[in-house]
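Written below as structure tokens is the structure these notes are about.
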Amino acid sequence: MTNRGSSQWDNLLRNLGAWQGSFTRLSPQGNEIEDIPTVVTLAGLDNNQTVRQTLQYYSPITQELTHEKVLEYSSLSRSVLVFEDGAFSQGSLQFSPVSEFGAELGFLGGDRRLRLVELFDKGDLSSLTLIRERLQGSTLIERPPLTVQQLIGTWQGEAVTLYPDWRSPDRYTTTLELGQEGDRLHQHLTTPHLQLTSTASINGSTLLFDQGSYPSQVLLLADGASANTPLTIPRGKPFFLEAGWLMSDQRRQRMIRSYDAQGAWSSLTLVTEHKKE
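Residue numbering for the sequence shown is -9 to 267, as defined by this note's numbering.
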């Protein structure tokens, strides 16, 4: 069964273009392992009925093309959902402790894209890949690394939740309040469905949430990005993978890929937040 809902496909087409950037592989602690220059080209064929994706990898030393991969598809797999603004996620449908598990969460903002791949091996966080891209010819520069100070304050959000069974999306408002006391970050999230308070220890660019139902961390990364993951996928409990992108000082998006207590993918949520003055 493939996902060819017209709106989903049209949303994907917002990503057409030649995207120049790099794939930055990071350790589970957020340390850079390698940074590979790339060009990812998404071209519409047959009146945009098919998309050809060309991935070109270059040597970081000589800048010469080292590898090229071409994919063509005319529908989206069940593991993919795409929002109206072109943001998307693809990844595992089901967690298994004996195989690799993970997801890609991608944002689209004008001439910029930011994507984050979060991978787990036997349930433990094993690697992250941060992909920063701009349309070829664009002069936009990336944002500086995300800091705790940029997050402090009250963020008013609009959330859209999509479901793998393609039922109607849910739309609702959110409020996220973030404050700091010493080396602790305090977070209070309010939605129509829940109120959640949590605290994290701040260690440089790592926030460790160690008091919830399972330990998780948020890594503050280059270009205003953040990666929120469990350190180990919990057994028998719902969990989520999240990426964030501070697109401007006052605007941020967060994407949450949620899994149920049996480890099955249950929903995908995009929150677009604006900081209150």
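We put the beta carbon where it would ideally sit given N, CA and C, even for glycine.
What you are looking at is a predicted structure, and each value in this text was computed from that prediction instead of being measured.
Evaluate S216 with the Cβ neighbour count: other Cβ atoms within 10 Å of its Cβ, from every protein chain shown; 16 or more gives buried, anything less gives exposed. As a first step, residue 216 is located in the sequence shown; it is residue number 226 there, counting from the start. Buried.
Residues near D173 in its chain [Cβ-Cβ closer than 7 Å; skip 5 each side]: For the purposes of this step, residue 173 is identified with residue 183 of the sequence shown, where counting begins at 1. Only S191 and I192 meet the Cβ criterion.
Excluding the 5 residues preceding and the 5 following G11 in the sequence, name in chain order all residues of the same chain whose CB lies nearer than 7 Å to its CB. Position 21 of the sequence shown, counting from 1, holds the residue named residue 11. Excluding positions up to five away in sequence, the list reads T28, I121, R122, E123 and R124.
Count the other CB atoms, across all protein chains shown, that sit within 10 Å of the CB of R42; report buried if there are 16 or more and exposed otherwise. Taking the first residue of the sequence shown as position 1, residue 42 is located at position 52. So R42 ends up on the exposed side.
With distances taken between CB atoms, is the gap from Q207 to L221 smaller than 8 Å? Your numbering for residue 207 matches position 217 in the sequence shown. Your numbering for residue 221 matches position 231 in the sequence shown. A contact, by the Cβ cut-off of 8 Å.
Can you find the residues in the same chain that come closer than 7 Å, C-beta to C-beta, to E22, ignoring five residues on each side of it along the sequence? Sequence index remark: in the sequence shown, residue 22 carries index 32 (1-based). Correct list, in chain order: T14 and L16.
Anticipated Cβ contact below 8 Å, P224 with S248, distance rounded: Walking along the sequence shown from the start, residue 224 turns up at place 234. Walking along the sequence shown from the start, residue 248 turns up at place 258. About 13 Å separates the two Cβ atoms, so there is no contact after all.
Is it right to say S257 is buried, meaning 16 or more other beta carbons lie within 10 angstroms of its own, or is it exposed? Residue numbering aside, residue 257 sits at position 267 when the sequence shown is read from its first letter. Under this definition S257 is a buried residue.
Taking all protein chains shown into account, do 16 or more other C-beta atoms lie within 10 angstroms of the C-beta of T56, making it buried, or fewer, making it exposed? For the purposes of this step, residue 56 is taken as the residue at position 66 of the sequence shown. Exposed.
Alpha carbon to alpha carbon, how far is N1 from D36? Locating residue 1 in the sequence shown gives position 11, counting from the first residue. Locating residue 36 in the sequence shown gives position 46, counting from the first residue. Looking at the two C-alpha atoms, the distance is approximately 17 Å.
With DSSP as the reference, label A212 as helix, strand or coil. Working through the sequence shown from its first residue, we reach residue 212 at position 222. Assignment of A212 by DSSP, reduced to helix, strand and coil, places it in the helix class.
Which residues bound the alpha helix (DSSP H) around L141? For this step, residue 141 is matched to residue 151 along the sequence shown. Unbroken alpha helix (DSSP H) run through L141: V138 to L141.
Option in Q140, G194 and A149 with minimal Cα separation from L168: Looking up residue 168 in the sequence shown gives position 178. The option with the nearest alpha carbon to L168 is Q140.
Hey, A93 and L231 are a contact pair by Cβ (cut 8 Å); roughly how many whole angstroms apart? The count along the sequence shown starts at 1 and reaches residue 93 at position 103. The count along the sequence shown starts at 1 and reaches residue 231 at position 241. With 8 Å as the limit, A93 and L231 qualify as a contact, their Cβ atoms being about 5 Å apart.
Compute the beta-carbon to beta-carbon distance between Q201 and S188, rounded to the nearest angstrom, for a pair I have assumed lies under 8 Å. Taking the first residue of the sequence shown as 1, we reach residue 201 at position 211. Taking the first residue of the sequence shown as 1, we reach residue 188 at position 198. The Cβ separation is near 7 Å, so the contact holds.
Can you tell me whether N37 is helix, strand or coil according to DSSP? Numbered from its first residue, the sequence shown carries residue 37 at position 47. Note: N37 maps to coil in three-state DSSP.
Roughly how many angstroms lie between the CA atoms of A233 and V261, to the nearest whole one? Within the sequence shown, residue 233 is the residue found at index 243, counting from 1. Within the sequence shown, residue 261 is the residue found at index 271, counting from 1. V261 has its alpha-carbon roughly 11 Å from the corresponding atom of A233.
Spatial distance of K227 from G127 (CA atoms): By 1-based counting over the sequence shown, the position of residue 227 is 237. By 1-based counting over the sequence shown, the position of residue 127 is 137. Spanning the two alpha carbons is a distance of roughly 46 Å.
For G214, does the count of other Cβ atoms within 10 angstroms reach 16, so buried, or fall short, so exposed? For the purposes of this step, residue 214 is taken as residue 224 along the sequence shown, with counting starting at 1. Result: buried.
Using a Cβ-Cβ cutoff of less than 7 Å, which residues in the same chain neighbour L32 once the five nearest sequence positions on both sides are dropped? Residue 32 sits at position 42 when you count from the first residue of the sequence shown. Answer for L32: N5, L6, G7, V41 and Q43, listed in chain order.
Counting only runs of 4+ residues fully inside the stretch -4 to 50, write out the alpha helix (DSSP H) ranges in chain order. Runs found: -4 to 2.
Alpha-carbon to alpha-carbon, E24 and E90: Numbered from its first residue, the sequence shown carries residue 90 at position 100. Numbered from its first residue, the sequence shown carries residue 24 at position 34. Near 21 Å, if we compare the C-alpha coordinates of E24 and E90.
Cβ shell of P50 (< 7 Å), same chain only, five flanking positions each side left out: Working through the sequence shown from its first residue, we reach residue 50 at position 60. So the qualifying residues of the chain are D25, I26 and P27.
Taking F78 as the reference, give the member of Q46, I131, T144 and S(-3) with the closest Cα. Position 88 of the sequence shown, counting from 1, holds the residue named residue 78. Restricting attention to Q46, I131, T144 and S(-3), the CA atom closest to the CA of F78 is found in S(-3).
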